[in-house]
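S.K.: Sequences listed follow chains A and B, in order.
Using this note's numbering, read the first sequence as starting at 1 and increasing by one per residue.
Using this note's numbering, read the second sequence as starting at 290 and increasing by one per residue.
Cβ atoms here follow ideal geometry from the backbone N, Cα and C, with glycine treated the same way.
For clarity, every value in this text was computed on a predicted model and none was experimentally measured.
I have a structure here, written as structure tokens, and I will follow up with some questions on it.
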Amino acid sequence: MNAQPLLEFRNIHKWFGGLHALDDISFTIRPGEAVGLVGDNGAGKSTLLKTISGVHEPEEGEILVEDRPVNFTSPAGARRAGIETAYQDLALVGRFTIWENFFLGRELRRFGLLRKKEMARLTDEALARLDVRVPFKNRKVSKMSGGQRQAVAIARGAYWAKKLLLLDEPTAALGVRESAEVLQLLDGLKAQGLTMVLVTHNIDHLWHVCDRILVMRRGRLVADLMKKDVTPREVVAHITGATEATISASSSAEAEQTSAGAATAQSTEALATAKPVQKRSAPKKSAAK
Amino acid sequence: MTTAPGDAAVIKKVRPFHLQALSFGGRYGTIVVLIGMIIAFSIASPNAFASSGNILAVITNLAPGAIVAIGLTICLVAGDFDLSVGYQASIAGVFVVGLLSGLGVLGIANASVDQVGIPLWVAIPIVLAVGCVFGLVNGLVVTKLGVNALIATLGTGTIIFAINLLYANGTTYSVRDDGSFLRMSLGKAFGVIPIPIIILVGFIIASWLLLNQTRLGQHIKAVGDDPEAARRLGIDVARTRIYAFMITGFCATAGGILLAASLGSGDANAGDVYLLQAFAAAFLGSAALRDGEFHIVGTILGCLTVAIGFNGIAIFGAPPFTQYLFAGGLLVVAVALSTLSRKYVSDL
Numbered sequence: 001m002n003a004q005p006l007l008e009f010r011n012i013h014k015w016f017g018g019l020h021a022l023d024d025i026s027f028t029i030r031p032g033e034a035v036g037l038v039g040d041n042g043a044g045k046s047t048l049l050k051t052i053s054g055v056h057e058p059e060e061g062e063i064l065v066e067d068r069p070v071n072f073t074s075p076a077g078a079r080r081a082g083i084e085t086a087y088q089d090l091a092l093v094g095r096f097t098i099w100e101n102f103f104l105g106r107e108l109r110r111f112g113l114l115r116k117k118e119m120a121r122l123t124d125e126a127l128a129r130l131d132v133r134v135p136f137k138n139r140k141v142s143k144m145s146g147g148q149r150q151a152v153a154i155a156r157g158a159y160w161a162k163k164l165l166l167l168d169e170p171t172a173a174l175g176v177r178e179s180a181e182v183l184q185l186l187d188g189l190k191a192q193g194l195t196m197v198l199v200t201h202n203i204d205h206l207w208h209v210c211d212r213i214l215v216m217r218r219g220r221l222v223a224d225l226m227k228k229d230v231t232p233r234e235v236v237a238h239i240t241g242a243t244e245a246t247i248s249a250s251s252s253a254e255a256e257q258t259s260a261g262a263a264t265a266q267s268t269e270a271l272a273t274a275k276p277v278q279k280r281s282a283p284k285k286s287a288a289k
Numbered sequence: 290m291t292t293a294p295g296d297a298a299v300i301k302k303v304r305p306f307h308l309q310a311l312s313f314g315g316r317y318g319t320i321v322v323l324i325g326m327i328i329a330f331s332i333a334s335p336n337a338f339a340s341s342g343n344i345l346a347v348i349t350n351l352a353p354g355a356i357v358a359i360g361l362t363i364c365l366v367a368g369d370f371d372l373s374v375g376y377q378a379s380i381a382g383v384f385v386v387g388l389l390s391g392l393g394v395l396g397i398a399n400a401s402v403d404q405v406g407i408p409l410w411v412a413i414p415i416v417l418a419v420g421c422v423f424g425l426v427n428g429l430v431v432t433k434l435g436v437n438a439l440i441a442t443l444g445t446g447t448i449i450f451a452i453n454l455l456y457a458n459g460t461t462y463s464v465r466d467d468g469s470f471l472r473m474s475l476g477k478a479f480g481v482i483p484i485p486i487i488i489l490v491g492f493i494i495a496s497w498l499l500l501n502q503t504r505l506g507q508h509i510k511a512v513g514d515d516p517e518a519a520r521r522l523g524i525d526v527a528r529t530r531i532y533a534f535m536i537t538g539f540c541a542t543a544g545g546i547l548l549a550a551s552l553g554s555g556d557a558n559a560g561d562v563y564l565l566q567a568f569a570a571a572f573l574g575s576a577a578l579r580d581g582e583f584h585i586v587g588t589i590l591g592c593l594t595v596a597i598g599f600n601g602i603a604i605f606g607a608p609p610f611t612q613y614l615f616a617g618g619l620l621v622v623a624v625a626l627s628t629l630s631r632k633y634v635s636d637l
């Protein structure tokens, strides 16, 4: 944990009209970490992910990659810095084979013509290295199952990600067996030392993959937890802003309606092991109510 | 990641017969129709149809339209439509004949001032460049103004026809040059192969290489299939579509030039029929071999189907209305086959 930080966010802000989508976000990610990014719908985790991947530009604050300030104006910029994204909706071209998808936008050429065999070979090697087994390698991606396609999308991200792979809910659209296969793939990537940020709603998957958990609520980063220090229930409490008592007493939907300010203050006291990022973690608006 | 146990085999087993038939029709329909016509015409008229002279004439005559259809195919692969290809082919013929015959760049209004024709090797590049400009305008209107491609190119096509009338006032001009223009269509390479066939083969090879062996080709296919995925992967979607329109314009005017060479004149409406023929050929082609995808080899098969159909009608002296009946019916059948092909064909 004493290595040079791979990625650092310093006091990042982002607004969408009146909505403070990212409110003073600061964190660092070190090489080899598998970081989970969780939060309820609308908490801002997707916006945060898109800010890392260059889709959104922050309006205030600083982003550093390996201690150098960067300003990604497009996903291409982030990709050049070695940051790849595996999107929830995959971003695969259905009529293309795996290798065509792997190399789309980054085709290898000789004398202006595509080096198809070379690209197919490199793709096969990458799939073998990642232990992704797909029947009929020259099949169109549109003819593959959802799990296979997700594996292809992740493998492509991992192949190009020199520094960081962002995963946007990779298991959200998958069944139980396919999810298990994707988790196995992520285990392999982790074992190979790839740094990952995983956005997920699934606490089981979060627990399976990640060592560290960032919790977002209403645009703020409310907790930065090491998995070994917390229980899943405590993470859920951070997500909803409820106390442990409220969680066990009522459904999480009701819990969210409790005064977020008071609840968070209590929960951070109760959870001695959890390290809240900021003291004033309650949104002012709800505290004023 | 482990394979889903035999999902492929299961799907194959449970496919009912009628789906298999539809899938066969979608993949091989065009080829069956083409071969069926060839066999039928050969049996019915072995002397007129199946002679080497007739076959060579059919291919020579289809060359200009096939070049237009190749251009349209590029546009269709990119997920767009271009309804202006016929008007582009027409104006190209008028324009090239005008340049060769001394109408000049500005056309009939200045004809008396400039009576000296421009040489062929200058006139052709000028007309092809104009075709690229038409494509550029189409592409800009569709991508930057966001106008639906069908409507946009219907509009630009009509404007192109207006320019056509402005240039030559709708008058058909016979070419007046040293004869090199007519040799483009009447000449034979190595004494046997008509030059239009050589030019057509050149366009087939070049367009096939472009679509299948170049980066731009990959990007055109990606943009046509899934523009959002292409954009996410850093491809400039608008620019790729504009390039596709420009290639379409280039091919449409090239086809128009070759048509004018075979007619020996520039007729304001000569290329208009290529719109329907090119669409019929491209859609027939998408129902050949490739599961509803537009592709060059398919388009050429589609062109052959259209041309041999027309040839058969001509040989048997069918009344004129049958030509239109055949052309219109073929377009509908072609699109239906193409749709079937996309819907039902599995790659197993």
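Short of 7 Å Cβ to Cβ, which residues in the region 161 to 182 of chain A face chain B?
M.R.: E181
S.K.: So that I know if they touch, is there some Cβ in chain B lying closer than 7 Å to that of A:L186?
M.R.: no
S.K.: Any C-beta of chain B sitting closer than 7 Å to the C-beta of A:G105?
M.R.: yes
S.K.: Residue range of the beta strand (DSSP E) that A:S300 falls in?
M.R.: Given a span of 1 to 289 for chain A in the structure shown, any question on residue 300 of chain A remains unanswerable.
S.K.: Using 8 Å as the cut-off, can you tell me whether the region 99 to 108 of chain A makes contact with the region 54 to 63 of chain A, which would need three or more C-beta pairs spanning the two stretches below that distance?
M.R.: no
S.K.: Please report whether the beta-carbon of B:L455 lies at a distance below 7 Å from any beta-carbon of chain A.
M.R.: False, the Cβ-Cβ gap to chain A never drops below 7 Å.
S.K.: Look at the alpha carbon of A:L6 and the alpha carbon of A:E33, and state the distance between them as a whole number of angstroms.
M.R.: Roughly 10 Å between the two C-alpha positions.
S.K.: Is there at least one Cβ from chain B nearer than 7 Å to A:A223's Cβ?
M.R.: no
S.K.: Does A:L92 come within less than 7 Å of chain B when only Cβ atoms are used?
M.R.: A:L92 belongs to the set of residues whose beta carbon lies under 7 Å from a beta carbon in chain B.
S.K.: Tell whether a beta-carbon distance below 7 Å holds between B:L443 and B:L372.
M.R.: yes
S.K.: Are B:F534 and B:G424 touching if we call contact CB-CB under 7 Å?
M.R.: yes
S.K.: Based on Cα-Cα distance, which residue from B:Y317, B:A596, B:C421, B:G523 lies nearest to B:Q612?
M.R.: Nearest option by C-alpha distance: B:A596.
S.K.: For A:S74, does the count of other Cβ atoms within 10 angstroms reach 16, so buried, or fall short, so exposed?
M.R.: exposed
S.K.: Is A:M216 helix, strand or coil by DSSP?
M.R.: strand
S.K.: Distance, Cα to Cα, A:S259 vs A:A242?
M.R.: Bear in mind that the predicted position of A:S259 carries a pLDDT of just 42, short of 50, making it too unreliable to give a figure here.
S.K.: Taking the alpha helix (DSSP H) that A:G79 belongs to, which residues open and close that run?
M.R.: It is Arg, not Gly, that sits at residue 79 of chain A in the sequence shown. Unbroken alpha helix (DSSP H) run through A:R79: 75 to 80.
S.K.: When the Cα atoms are used, what is the spatial distance from A:L167 to A:V197?
M.R.: 6 Å
S.K.: Helix, strand or coil for B:V385, going by three-state DSSP, please let me know.
M.R.: helix
S.K.: Please go through the same chain and pick out, in chain order, the residues whose beta-carbon is closer than 6 Å to the beta-carbon of B:V526, but skip the five residues on each side of it.
M.R.: V512, P516, A519, R520
S.K.: Note down, one range per segment and in chain order, each alpha helix (DSSP H) of at least 4 residues found wholly within the region 320 to 369 of chain B.
M.R.: Taking 4 residues as the shortest admissible run, the region 320 to 369 of chain B contains the following complete alpha helix (DSSP H) segments, listed from N- to C-terminal end: 341 to 366.
S.K.: What in chain B is Cβ-close to A:G112, meaning under 7 Å?
M.R.: For the C-beta of A:G112, the chain B residues within less than 7 Å are, from N- to C-terminus, T503.
S.K.: Kindly indicate which residue of B:G342, B:L417, B:S630 has the alpha-carbon position closest to the one of B:R579.
M.R.: Residue nearest to B:R579 within the set B:G342, B:L417, B:S630 is B:S630 (criterion: CA-CA distance).
S.K.: For A:L165 versus A:E100, is the C-beta distance shorter than 7 Å?
M.R.: no
S.K.: Under DSSP, the beta strand (DSSP E) around A:I12 begins and ends at which residues?
M.R.: 7 to 16
S.K.: Can you pull the chain B residues whose beta carbon is under 8 Å from the beta carbon of A:P75, in chain order?
M.R.: R521, G523
S.K.: Name the DSSP beta bridge partners of A:A3, please?
M.R.: According to DSSP, A:A3 bridges with nothing at all.
S.K.: What is the DSSP secondary structure of A:G299, counted as helix, strand or coil?
M.R.: Only positions 1 to 289 of chain A appear in this structure, which leaves residue 299 of chain A out of reach.
S.K.: Using a Cβ-Cβ cut-off of 7 Å, state whether A:R212 counts as contacting chain B.
M.R.: no
S.K.: Give me the Cα-Cα distance between A:A155 and B:M473, rounded to the nearest whole angstrom.
M.R.: 53 Å
S.K.: So what does DSSP say about A:V55, is it helix, strand or coil?
M.R.: coil
S.K.: Return the bridge partner residues of A:I63 from the DSSP annotation.
M.R.: According to DSSP, A:I63 shares a beta bridge with A:F9, A:V70.
S.K.: Run the CB neighbour count on B:S340, radius 10 Å, all protein chains shown included, and call it buried at 16 or more, exposed below.
M.R.: Classification for B:S340: exposed.
S.K.: Give a yes or no on contact between the region 372 to 386 of chain B and the region 545 to 553 of chain B, applying the rule of three or more CB pairs nearer than 8 Å.
M.R.: Output reads yes: the region 545 to 553 of chain B touches the region 372 to 386 of chain B.
S.K.: Can you tell me where the beta strand (DSSP E) holding A:L167 begins and where it ends?
M.R.: 164 to 168
S.K.: Output the boundary residues of the beta strand (DSSP E) element that contains A:I83.
M.R.: 83 to 86
S.K.: What residue range is occupied by the uninterrupted alpha helix (DSSP H) comprising B:A549?
M.R.: 526 to 552
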